[in-house]
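K.L.:
Just passing along the structure, written as structure tokens.
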Amino acid sequence: VASLPAVSGAELGVRPLLIQATGDPQTPYGTHRALADAMNAHVVTVNGSGHGHVGLGNAAVDEIVVDYLRDGQVTVTEVPGLNR
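Every number in the working numbering is 3 more than the matching position in the sequence shown, counting from 1.
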């Protein structure tokens, strides 16, 4: 691969949802910012550890995702983590 294509959410009808934990061991907090900015994504910060938060017992995250899938909107920017 000579170069990677530019990442842009400019033509998307619905802003993407990006969920990022402050203590994620696979994708350290802060590394999400460039992608989120390029995609104009809704970012929800999970204050806790772990990688992957949907359907794993965090009711706050699950509610955000279900609401987002219903109407494409996100009003929450931060939730507590489970610290598992």
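The C-beta atom is built at its ideal place from N, Cα and C for all residues, glycine as well. Quick caveat: nothing in here was measured; it's all calculated off a predicted structure.
1. Please classify Ala9: does DSSP put it in a helix, a strand, or coil?
2. State the DSSP-derived secondary structure class of Val3, mapped to helix, strand or coil.
3. Does the structure place the stretch 29-42 close enough to the stretch 61-73 that three or more beta carbon pairs sit under 8 angstroms?
4. Residue range of the alpha helix (DSSP H) that Leu38 falls in?
5. Have a look at Val79 and Val10 and give me their C-alpha separation to the nearest angstrom.
P.N.:
Quick look at the numbers:
1. DSSP places Ala9 in coil when its eight states are reduced to three.
2. One cannot answer for residue 3 here, as it falls past the ends of the chain, which runs 4 to 87.
3. In the pairwise beta carbon analysis, the stretch 61-73 is classified as not touching the stretch 29-42: fewer than three pairs are separated by under 8 angstroms.
4. Membership of Leu38 in the alpha helix (DSSP H) is indicated by the continuous run Arg36 to Met42.
5. C-alpha separation (whole angstroms): 24 angstroms.
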